[in-house]
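Structure record follows, encoded as structure tokens.
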Amino acid sequence: MANGNGNNRTSPERRPRIGFYVCHCGVNIAGTVDCAEVARYVGTLPGVVLSRDYKYMCSDPGQELIQKDIAEYKLERVVVASCSPLLHEHTFRTAVEKGGLNPFFFHMVNIREHNSWVHTDRAEATAKARDLARAAIERVARHKPLETKRVPIKPVTLIVGGGIAGIHAALTLANAGKQVILVEREPTIGGHMAKFDKTFPTLDCAACILTPKMSAVGAHPNIRLLTYSEVVKVDGFVGNYKVTIRRKPRYIDEEKCVGCQDCISACVFKQPKFTDEFNEGLGKRKPVYIPFPQATPQVVAIDSNVCLNFRNGPDGSRVVSDKCKKTCVEACGDRNAIDFTQKERFEEIEVGTIIVATGFQAFDAKRLPAYGYGRYPNVFTALEVERMVNASGPTGGHVVLRDGKTEPKTVGIIHCVGSRDKKTNRWCSRVCCMYSMKLAHLIKEHTHAEVYNFYIDIRTPGKGYEEFYNQLLDEGVHFVRGRVGEVTDWAITPEEEGKLVIRVEDTLAGVVRRIPVDMVVLATGLEPRSDAQEVRRLFNMSCGSEGFFLERHPKLAPVSTFNDGVYIAGACQGPKDIPDTVAQAGAAAAEALSLIDKGYVEQEPNTAFVLEDECSGCKSCIPLCPYSAIQFDDARGKAVINEALCKGCGTCVGSCPSGSIVQNLFDDEEIFSEIEGVLAYE
Amino acid sequence: MNKEWQPRLVAFFCNWCTYTAADLAGVSRLKYAPNVRVIRVMCSGRVDPQFILDALAKGADGVLVGGCHPGDCHYVEGNYKMLRRYHLLKRMLKDMGIEEQRVRLEWISAAEGHKVRQVVNEMTEQLRALGPLGLPQKFEEWDREVERLAADVHAREAADAAAACAGRTSAEEVTHA
Amino acid sequence: MKYGYFPGCSLKGTGRAYEESLLPVLRHLGVELVELEDWNCCGATAYMAVDEGKACALAARNLALAERGGFQQLMAPCSACYLVLNKTQHYLDESPAMRRKVEGALGTVSLKLSRQTPVRHPLDVLLHDVGVEAIRQKVTRPLSGLRVAPYYGCQVVRPYATFDDQANPTSMDQLLKALGAEVVDWPLKTKCCGGSLTGTLPVAGLRLAYLLLKEAKKRGADAIATVCPLCQFNLDAYHDKIAARWEPVRLPTVYFTQLMGLAFGMPAHTLGLQRGFVPLELPAPTAA
Amino acid sequence: MPKPKVAFYWCASCGGCEETVVDLAEDILGVVEKVDIVLWPVAMDFKYKDVEAMEDGSIFATLINGAIRTSEQEHLAQLLRRKSRYLIAYGACAQMGGIPALANQFPREQVLRFNYEEAPSVDNPSKTRPQTVVEDNGRRPRLPAFRNVVRTLDQVVDVDYFIPGCPPTPNLTKAAFDALLSGNLPPKGSVIAPDVALCHECPRKASKPTDVAFTQFTRPHLTLADPGKCFLAQGLVCMGPATRSGCQAACINGNMPCTGCFGPTSRVRDHGAKMLSSLSANVAARDEQGIRQILDGIPDPVGTFYRYGMARSILRRRVDLGVNGNGH
Amino acid sequence: MKEIQRTIKYEADRVPGFGREVMSVPGCEKLKDCIQCGTCSGVCPLSIYMDHSPRQVMALVREDFKREVLSSCTIWLCASCYACTVECPQQIRITDIMYELKQRAIQEGFYPKRFPIPVLAQEFNRMVHDHGRISEGRLVTKLFLKTKPLEAAGMAGLGMRLMKTGRFSLKQENIRDRGDLARIMEAMDAPASGGNGKD
Ligand SMILES: Cc1cc2nc3c(=O)[nH]c(=O)nc-3n(C[C@H](O)[C@H](O)[C@H](O)COP(=O)(O)OP(=O)(O)OC[C@H]3O[C@@H](n4cnc5c(N)ncnc54)[C@H](O)[C@@H]3O)c2cc1C
Ligand SMILES: Cc1cc2nc3c(=O)[nH]c(=O)nc-3n(C[C@H](O)[C@H](O)[C@H](O)COP(=O)(O)OP(=O)(O)OC[C@H]3O[C@@H](n4cnc5c(N)ncnc54)[C@H](O)[C@@H]3O)c2cc1C
Ligand code: SF4
Ligand code: SF4
Ligand code: SF4
Ligand code: SF4
Ligand code: SF4
Ligand code: SF4
Ligand code: SF4
Ligand code: SF4
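Here the protein sequences line up with chains A, B, C, D and E, keeping their order.
In terms of my numbering, the first sequence opens at residue -7 and continues consecutively.
In terms of my numbering, the second sequence opens at residue 4 and continues consecutively.
In terms of my numbering, the third sequence opens at residue 128 and continues consecutively.
In terms of my numbering, the fourth sequence opens at residue 300 and continues consecutively.
In terms of my numbering, the fifth sequence opens at residue 261 and continues consecutively.
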């Protein structure tokens, strides 16, 4: 019946010939949904000329079945009820296309993720599958032929974060001849790995394997390295991103500085006196500094917060005061690399793909006061100890107490600090067991101390890892299974005097123990960086509930995100060690590479368009488009959508007061028919 | 159906967050009430209030709209547009006699599979407590007065043809007491 | 500032000195306490061991009395009472079935629980409502030279850390500093004093008290300041037994409110200081 | 060749539509010349019996205005449907329920009580109400039954065309007649008016900005509208963007915003919902409180967005009212 | 020489359903999640006196070793200091579970008769029930007479000194509306909404 508004377009003149398939997915679906019944029922619906159930629709025979049926039964539309369209819509569209139909004469019904996996009652689940299928049949009858758009890809990749992940991805792409822009927030690349002395389980020297890669990045003609910089804005879409980068002033002209470090020696501060972040605060540096000897680029930086040549401006920012004698400038001489007038700059770049590799931050041990970090000087974090065992570190490779000289005779390493704890981070940080054992080994090697490891469970699921654990057992490291209750300087017995006491239940021996040690090392876990949410927004990604960036699929698309053309690699996706980080970085580079080499991306044709004759030119839609895709054509007095800019959100469609905008694939009538379909029950 | 009444919940989920969250609920095998029927849209901004009204009119007992959290919309701010519509629509629905709990807007991120479960379960229970909205049945019921008249007129015309008004009242005619 | 006041059984018995010091000190600071009419025992932890439901109802009666009395907030100085009243509120919030049942039971005597009455500890009120500055201003006889080990005991910040950190509380530290005392930092601030076991299992209970006293002494404390009548009793009453079992560790244990009173210039006997077994000796006031 | 027979009938309406027919003035004469009017209660004296006696389908066209609320209106609608080749819903009430359909927000009992007992102008101490049947000296006159729901004409009988407007303009009416008489007819079920919204022909269109973001709403009686500027740009709710054109922007020209009497375009199922959607999406605020505050400037969304279209809307009526009489 | 005992547990030593029952009590549900990390025992000030550490109690409950749990002195040693509850990485409310186990032990008569802690709990309750308030002096005296009549004399000294400092009295405190209190307690006993109202 007409709807009284003169709308006669609710039903198509003729029902097209529809083929329907319901997938068992082995028992994933068939275990809960009566697939045969669904097929039988859908077969009775108007327009359905073929209805089948099949074990694995996405398998080759499944897809071939569709192709064969299209020819044999002269199908004009196809519906598959199986898993989530986010997983296999593309597969089936391709199959339909191969069968000779327009790929958009297809609709997919999600009866696995949204049905068989979340419900238990077979009758209910079957009824739900029937409803959803009926809606799809209604909908597909109204589908129109569409064409996918091809958008060319800019063959440049932005990599954010210069840890081992970013470095490896950058080199992989650059070696393949692609342009890379690597943006790193700190004055040097290297990330956490640059701080380590040795890496588990092989105990090869971190610098030996990392430094060559860092220099390769610095020297590679295909890599533009932007250190001390951050991404502040991302516009556009896959293939064509416009990215704004903020370049913080380092007060050194990177082109001119040769890394001689004469300025550092000449600085008016004779002794290093400011907290050295790279050394986890264990060392000191001057206002002009280079984070570590192998830093890349080999360029110094001036810390305006402490440099005497700066003072506080009226708005709190640091401004040049010209008060210092500037012995550094003098030392630099003709090289003339020091430039106190440098200002923050913004640079816009255009890239086709993006790899986010911003890594992790270590759990803040102060959040667990029971372990006394910050209260008892001889409680250290693992990263501090990593710096101490490093020959180029603040103590020259000596493991010593906070006093800077005493070697510990007993050391307790507490695992899982901040990890596997619902009050802090509930996940296992995956590397702490291994690096704790690495540190146990190194400490023993350096100091011959007795080392105790306190653990909940030892997790060594990697190649050579369990062997490493065995090696440590052989070395005589103590392993006490129990999560430490507290670390205290409260001595009860004489041998505890002057020591730190660890109170723990030795759950294997079945007794509560107090173990006095000279040094406590906290194996702090890995957590998302504190700015992960902002970074996520910037790149339009999602975060899992823990706050690490969310991959598109944990198994099938582990480095892709829900934003096409944006990939993730390394510890920003979840806790992982260097081997896994590098593997992911390679995978992310390969994904970017495959897009770039293909040369274009196909875009869902779900864009909107204005019905030219019917638009009244009311301009209501124009401010609604987030991409400014809608323009007002003054000459004709109508709105026009620029299809190249439209991303298909449909907001304008839902808001055009006279119903004059249509969205491909999500047209009003298609959705109304779906609504009717899910609700029309016997 | 001779089974006991079950609430029907129609849900419009945005492709990027809530639909994905529902997929995640599936992948995580979280169990929830089978009463929900999800319709995928690209963005909660696509959800035309007409869809909500239509779903109710076609027999839904409640409608759930799921979108990305504010600030997280894949399309920047489609969700804000839905939020604004939601506010006015809720007031309109209230004036039209539809209980508050029947229409709900929730922000559910791609990581919040558990929230899909929680919201669907919660809403299903609320709808169960409210009882059926039953608009199709109501429309039928309303229109029955017209059908009854049609039948009655027919009968009366036949009678009138036979005799002049004989002071007979039809069953239809009720007093305006 | 006006609060309902729930003294609890101890403050009328072994912990009299707490009440005797608390009331004048708070009055001096302009805080009005009105004793809850016909309050009953909070149920304490012992009751929970027998019947959680009844323990809940017992505590809830007090909350309902507070509501009837029109109090916006209820002050409970005893740690055990403070915990039990707070816990009851949590429990009633978490378990609707329990709430229904308890509300039903209270209903039989026309009491009701229609709103939350926040239960506050004096430390909380002093620090957050009165403020350290106001307290500092009232100090006329600073406790200079007195080294005090602040002892919070287990139940004020556990399990509900509503006003201070669970592992390392500092509210009393701040307060004592404001009084001019020297605060002894020690890691035993929230360790259990063994109070609930001294009577029933002395090996365990007394040892905990002994270790506490010993450590405070070792760190140079002249006194331990406590916020709970049970702790005070436990650390004060068993010196002989401790000495007999281990070694003498005599050290006065006083209520923080007694120290406040002294710093405000109130005479010792009006603060119940004479009731302690180990007398508190103040260092001679310094010239400055 | 005999002149085509034409009938006019009115149901729940204010009479305005009849007035437009009269307003055709000289044109009506032309029409009258070409047709035979067989029924027009407002202007001429005909008996229903005469109509009943006609052969089915013998009337060429019947124009019914007004919504359907009583059993008599239903009866006549059915009768005229049978007798006519073309049945035309004339005006907003017949098409969408119109102003009378605003009563769909209230239970029938409340309507009756107010009108016969509580309205300030009523003096009815005995609380007498009309009865369907009364005894009067042995006669038993009957009154029509008062329905629970106000309906559009096509919710009662099959309708061929709709002529929108409250009332329809003489132009449209004339155009409709011309089309009918010339046999140059659009598909059945059409609304005889342009299928483009009013902004299209609004003289203020150019003054509407392309970046409207509402920071507040006001109402015509609270403000002095700038006669040159788009109403929406002034925060006044104008239904123009959602409403069919064809009225020649009559209200706008009288410095009143469009209230939507021409109904939605063919592409819209629910006039009010669509306008609500467009308007609220363009609210400036981003936080819940700000949004609420701005939208509170529209105190009566139902009355604003469904002034003429309640019976036509997807919900049709306040849904929690009882059907059989009194509701609550 | 130490007596040699067989420590193996047979299936018959378990009471199937016991763990589930305990874990169905509100506040005790999370016991299911125990990862046996030992933090609870590590922080417990009294674990060093316990026959089964709090961690072991969790394991025993979960595996239905009812007898071992209810006859364990652990539950009576727990001083309700909440250290474990606050520190448990799985947010298990160990202290509440201890309360639940104490209740069950009392209900099922599992505790050692002269073990003073349960006696204290019961005496305490009786006094509150009857009078609305605790009179500490009377309570303690009663306790000693009941459990350790011999030691009571030894404690007399402390009592005397307390009395001297005005902190000990044998006077019974009472509240005014004792009838009301009794009525409330009676109502709590009524099985109305399922036993002790915990479901
Ligand atoms: C104590 C410790 C010891 C370890 N020992 C070992 C070991 O022996 N063997 C092993 O295999 N693994 C070890 N690991 C794990 C190892 O550190 C990680 O696997 C590895 O560092 C992850 O590399 P990444 O590049 O993903 O992250 P990161 O190393 O964290 O690098 C991320 C980089 O991105 C930059 N960045 C962050 N945010 C932004 C932004 N918004 N814009 C621009 N740049 C940004 C950072 O400055 C940093 O340079 C250890 C971890 C710890 C905590
Ligand atoms: C019981 C079990 C359960 C598991 N469950 C899970 C799980 O739930 N989730 C999970 O993530 N992982 C699981 N895994 C691990 C998972 O199976 C592996 O991660 C995965 O299969 C590895 O894939 P692959 O392609 O490397 O190797 P394979 O699956 O072993 O594939 C290797 C292929 O190479 C072929 N091949 C071998 N040699 C030759 C040759 N010389 N020439 C040509 N072809 C050759 C083989 O025939 C085979 O087809 C499970 C493993 C086991 C044993
Ligand atoms: S199509 Fe989807 S549901 Fe079917 S077998 Fe493949 S994965 Fe499973
Ligand atoms: S700034 Fe000049 S002196 Fe300093 S390192 Fe660079 S080149 Fe050398
Ligand atoms: S890797 Fe080991 S130490 Fe780290 S969180 Fe996991 S189990 Fe704990
Ligand atoms: S569908 Fe979305 S992106 Fe496309 S034009 Fe409309 S508002 Fe813009
Ligand atoms: S909202 Fe619709 S009618 Fe108005 S300008 Fe946009 S497309 Fe045209
Ligand atoms: S909104 Fe109203 S006033 Fe503005 S252009 Fe449209 S019809 Fe004219
Ligand atoms: S601390 Fe918690 S998780 Fe660990 S053993 Fe104790 S109860 Fe289990
Ligand atoms: S509450 Fe009980 S079990 Fe837990 S730590 Fe304290 S005494 Fe031990």
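Using N, Cα and C, we set each Cβ at its ideal position, and we do this for glycine too.
Could you tell me the alpha carbon to alpha carbon distance between residue i and residue j, rounded to whole angstroms?
i                : j                : result
Asn613 (chain D) : Asp569 (chain D) : The sequence given here places Ile at residue 613 (chain D); Asn does not occur at that position. Each residue's alpha carbon lies about 6 angstroms from the other.
Tyr460 (chain D) : Pro486 (chain D) : 9 angstroms
Gln286 (chain A) : Ile181 (chain A) : 10 angstroms
Arg384 (chain D) : Asp322 (chain D) : 25 angstroms
Ala169 (chain B) : Arg380 (chain D) : Low per-residue confidence applies at Ala169 (chain B): pLDDT is 44, beneath 50, and the placement is therefore not dependable, though the value from the model is reported in the following sentence. Ala169 (chain B) and Arg380 (chain D): Cα-Cα distance of roughly 27 angstroms.
Leu521 (chain D) : Val149 (chain B) : 42 angstroms
Glu80 (chain B)  : Ala447 (chain E) : 55 angstroms
Lys430 (chain A) : Ile405 (chain A) : 11 angstroms
Met206 (chain A) : Glu478 (chain A) : 41 angstroms
Ser257 (chain A) : Val209 (chain A) : 28 angstroms
Asp268 (chain A) : Arg372 (chain C) : 53 angstroms
Could you tell me which of the options sits nearest to residue i, measuring between CA atoms?
i                : options                                : result
Pro550 (chain A) : A:Ser537, A:Gly539, A:Gly566, A:Glu538 : A:Gly566
Val161 (chain C) : C:Gly131, C:Leu150, C:Ser237, C:Val211 : C:Gly131
Asp26 (chain B)  : A:Ala354, A:Pro546, A:Val260           : A:Pro546
Ser206 (chain C) : C:Gln216, C:Thr244, C:His248           : C:His248
Lys573 (chain D) : D:Phe604, D:Asn552, D:Gln454, D:Asn403 : D:Phe604
Glu596 (chain A) : A:Arg9, A:Pro615, A:Gln576, A:Ala636   : A:Ala636
Arg32 (chain B)  : B:Gly116, B:Val50, B:Arg11, B:Ala132   : B:Gly116
Asp390 (chain E) : E:Val346, E:Leu403, E:Ile444           : E:Ile444
Met126 (chain B) : B:Asp64, B:Cys76, B:Ser112, B:Glu144   : B:Asp64
So who's on the other strand from residue i, going by DSSP bridges?
i                : result
Asn295 (chain C) : Note: Asn295 (chain C) sits in no beta bridge, so no partner.
His111 (chain A) : None, per the DSSP bridge assignment.
Cys17 (chain B)  : B:Val44
Trp8 (chain B)   : In DSSP, Trp8 (chain B) forms no bridge with anything.
Tyr13 (chain A)  : A:Arg44, A:Val72
His80 (chain A)  : Beta-bridge pairing links His80 (chain A) to no other residue.
Fill in: Segment contact, 8 angstroms Cβ cut-off, at least three pairs: the stretch 309 to 328 of chain E with the stretch 262 to 276 of chain E
yes
Practice prompt. Decide yes or no for the touch test of the stretch 453 to 467 of chain A against the stretch 479 to 493 of chain A: beta carbon pairs closer than 8 angstroms, at least 3 of them.
Written response: no
Worksheet item: Quick check: the stretch 84 to 100 of chain B against the stretch 589 to 604 of chain D, are there 3 or more CB pairs under 8 angstroms?
Response: yes
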